[in-house]
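Colleague:
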Amino acid sequence: MKLYGVLIALLLILSIDSIKESYSFAELGLERIEIDPLSTQQKEAVFESSITGSLLVNITIYFEGKILVEITLNNVTVKVKKSVEFRCNIEAKNKIKIRATNYGTSKAVIYENSTITIYRGSEAEKNEGEDNVLLLLKTAFICSIALPPLLIYIFEKRYIIPREAEAEVIVV
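Position 149 (the sequence shown) corresponds to 1078 in this note's numbering; numbering is contiguous.
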């Protein structure tokens, strides 16, 4: 019974920082956004999030043309060139506004595979690679503490070494 408790605690500890949600513009209902030359277009969407609180948000925009993109997520406004990361208060229902201005002489397009990723983390954890290394180090540390007693317990139960019966020996 203790074994199951230790395993459940280990899994809970490891999964705390790995919570992440990712949405494409297509999933949010923001299909391909086409902007005529020298004009501005604005789109809005509402989405639900299962994780809430002050979280890191990474927005990556895939586009063609010469555009300036300004995104407002729950009253936090940022300008996006290609990708931007910022801290925002995420709630159960969130409102996103995208305002794109085409300053070129040809039509500009924001593609529907542009993404919004929401995850927990500190300011030092800027990208997925660093998050994976931190999670790996945390896993190794917890395993180095939890596994040795667990292995000793398992091997003691399986391999009980019988001892020979000691009889009294008369010494002359």
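Beta carbons: idealized from backbone N, C-alpha and C, even for Gly. Here the structure is a predicted model, which means the values were calculated and not measured.
The beta strand (DSSP E) that contains E973, what's its start and end?
Modeller: Residue numbering aside, residue 973 sits at position 44 when the sequence shown is read from its first letter. It spans 968 to 977 - the beta strand (DSSP E) in which E973 sits, taken as one unbroken run.
Colleague: Hey, N1031 and I964 are a contact pair by Cβ (cut 8 Å); roughly how many whole angstroms apart?
Modeller: The residue labelled residue 1031 in the question sits at position 102 within the sequence shown. The residue labelled residue 964 in the question sits at position 35 within the sequence shown. Correct: roughly 4 Å between the Cβ atoms.
Colleague: Using the DSSP secondary-structure output, state which residues sit across from Y952 in a beta bridge.
Modeller: Numbered from 1 along the sequence shown, position 23 holds the residue referred to as residue 952. Bridge partners of Y952: I1045.
Colleague: By the 10 Å Cβ neighbour count, where 16 or more other Cβ atoms means buried, how is E1057 classified, buried or exposed?
Modeller: By one-based count along the sequence shown, residue 1057 stands at place 128. Confidence in E1057 is poor, its pLDDT being 48 and thus under 50, which makes the residue's placement unreliable; the coordinate value appears in the next sentence. So E1057 ends up on the exposed side.
Colleague: Does DSSP put S983 in a helix, in a strand, or in coil?
Modeller: In the sequence shown, counting from the first residue as 1, residue 983 sits at position 54. Looking at S983 - three-state DSSP - the assignment turns out to be strand.
Colleague: State the start and end residues of the unbroken beta strand (DSSP E) segment that holds L997.
Modeller: Numbered from 1 along the sequence shown, position 68 holds the residue referred to as residue 997. It spans 996 to 1002 - the beta strand (DSSP E) in which L997 sits, taken as one unbroken run.
Colleague: Do I980 and E950 have their CB atoms nearer than 8 Å?
Modeller: For the purposes of this step, residue 980 is identified with residue 51 of the sequence shown, where counting begins at 1. For the purposes of this step, residue 950 is identified with residue 21 of the sequence shown, where counting begins at 1. Cβ distance < 8 Å, so I980 and E950 count as in contact.
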